[in-house]
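Colleague:
In full-length UniProt numbering, the protein residues as written are 1 to 350.
As structure tokens, this is what we get:
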């Protein structure tokens with residue numbers, strides 16, 4: 001048509017295979033470079049946030065020293081990790097509790113409190129919640145929402161009582177045993193040697209347990225009643241050990257053990273933080289209060305946080321779903337590591 005035909009080389013022809021491969025490689029390298037720059041920029045922004053630096057009109061003047069600081073992993077990594085975890089969504093506390101239904105034989109006529117229909121039969125006509133006293137049909141019990149409000153009159157003891165049940169019954173954030181024991185320990189026992197390693201007399205610890213079961217938050221655990229602070233520390237350990245559901249629940253035990261196996265320190269902390277957010281609110285608040293107390297006592301001259309203490313606290317706070325001696329023995333090192341990390345990084349994880 002009057003225009004000369006243009007000859008394309010194999011590498012220069014846009015329709016050629018080699019040309020398309022080269023362009024794909026260049027695009028891939030450009031994408032990787034862009035991601036690396038974006039990651040570095042995000043890291044520097046997090047570091048600036050951790051340092052409390054506002055990059056406004058003077059951002060160009062501050063960016064060079066921030067880049068230099070970001071190149072030092074010993075300083076930058078902890079600050080960035082702290083900012084990332086602290087900026088994570090906070091745990092929303094909704095103290096929901098499922099009903100503890102048990103088959104019950106009612107005397108006289110009874111109606112279901114869910115469907116309002118009559119309960120027929122002479123024996124085992126329905127189920128009753130042993131915590132709040134709700135009476136429903138067995139079939140209706142599967143439809144009842146998790147809105148159990150335990151009645152104090154039905155709670156016969158404090159020790160060995162479900163943690164959420166006790167907290168809801170007293171309309172509190174944490175069990176009164178944990179609050180009262182820790183307050184008493186911090187009042188007069190922070191300088192005691194071997195606070196959580198040395199056990200008090202078992203008879204006196206049993207007296208403290210009976211006092212809580214009998215008097216609740218009116219129990220007297222002052223120095224006039226128990227001069228040895230190790231008795232109060234022993235009672236606190238006994239309460240945590242006797243919980244029917246451990247502070248770190250059976251369902252999340254495997255998640256925390258797997259998190260402890262992660263070799264990378266930052267990833268390991270993030271995994272533990274995710275596990276903490278999945279804890280029931282009462283368990284989360286109890287663990288947060290306990291870890292803050294243990295970290296405060298670690299800074300005292302008679303700090304009690306050695307390997308032996310972590311060994312003792314690990315099985316107290318977390319237990320495998322199936323009581324297998326071999327599993328418990330194999331996981332003991334990882335349990336100790338979980339407790340150690342929660343104490344050392346309490347201000348970041350909670």
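We put the beta carbon where it would ideally sit given N, CA and C, even for glycine.
Mapping DSSP to helix, strand and coil, what is residue 174?
Modeller: Coil at residue 174, not helix or strand.
Colleague: So, for residue 242: in the same chain, excluding its five sequence neighbours on each side, which residues have a beta-carbon less than 8 Å away from its beta-carbon?
Modeller: 159 and 160, listed in sequence order.
Colleague: For the alpha helix (DSSP H) containing residue 97, list its first residue and its last residue.
Modeller: No alpha helix (DSSP H) holds residue 97; DSSP gives it neither H nor E.
Colleague: Under the assumption that residue 272 contacts residue 229 (Cβ atoms under 8 Å), give the Cβ distance between them as a whole number of angstroms.
Modeller: So it is not a contact: roughly 30 Å between Cβ atoms.
Colleague: Are the beta-carbon atoms belonging to residue 339 and residue 317 less than 8 Å from one another?
Modeller: Cβ distance < 8 Å, so residue 339 and residue 317 count as in contact.
Colleague: Does chain D have any CB closer than 8 Å to the CB of residue 133?
Modeller: Protein chain content of the structure displayed is limited to a single chain, and chain D is not contained in it.
Colleague: So residue 241 is in the alpha helix (DSSP H); what residue range does that whole segment cover?
Modeller: Where residue 241 is concerned, the enclosing alpha helix (DSSP H) stretches over 229-241.
Colleague: From the DSSP output, in three-state form, read off residue 104 for me.
Modeller: Of the three classes helix, strand and coil, the one that applies to residue 104 here is strand, per DSSP.
Colleague: So, do the stretch 164-180 and the stretch 278-290 have three or more beta carbon pairs nearer to each other than 8 Å?
Modeller: They touch, by the three-pair rule.
Colleague: From residue 146 to residue 219, what does the alpha carbon distance come to, in whole angstroms?
Modeller: If you take the alpha carbons of residue 146 and residue 219, they lie about 31 Å apart.
Colleague: If you reduce the DSSP assignment to three classes, tell me which class residue 128 lands in.
Modeller: In the structure shown, residue 128 sits in a strand (DSSP, three-state: E or B).
Colleague: Is it buried or exposed for residue 148, if we count other Cβ within 10 angstroms and need 16 for buried?
Modeller: Looking at its Cβ environment, which holds 16 or more other Cβ atoms inside 10 Å, residue 148 is buried.
Colleague: What is the rounded straight-line gap between the Cα of residue 328 and the Cα of residue 24?
Modeller: Approximately 53 Å, taken between the alpha carbons.
Colleague: My output table needs one value for residue 248: the three-state DSSP class, helix, strand or coil.
Modeller: Here residue 248 sits in strand by DSSP.
Colleague: Could you please give the first and the last residue of the uninterrupted alpha helix (DSSP H) stretch that includes residue 350?
Modeller: That residue, residue 350, is in no alpha helix (DSSP H); it is neither H nor E in DSSP.
Colleague: Going by Cα to Cα distance, which pick from 345, 270 and 274 is closest to residue 292?
Modeller: For the residues 345, 270 and 274, the minimum Cα distance to residue 292 belongs to 345.
Colleague: What three-state label does DSSP hand residue 135 in the structure shown?
Modeller: If DSSP states are grouped into helix, strand and coil, residue 135 belongs with the strands.
Colleague: Would you mind giving the Cβ-Cβ distance between residue 225 and residue 205, rounded to the nearest angstrom? I have them listed as a contact below 8 Å.
Modeller: Not quite, the Cβ-Cβ distance comes to about 13 Å (not below 8 Å), so this is no contact.
Colleague: Give me whichever residues DSSP pairs with residue 111 in a beta bridge.
Modeller: Its beta-bridge partners are 118.
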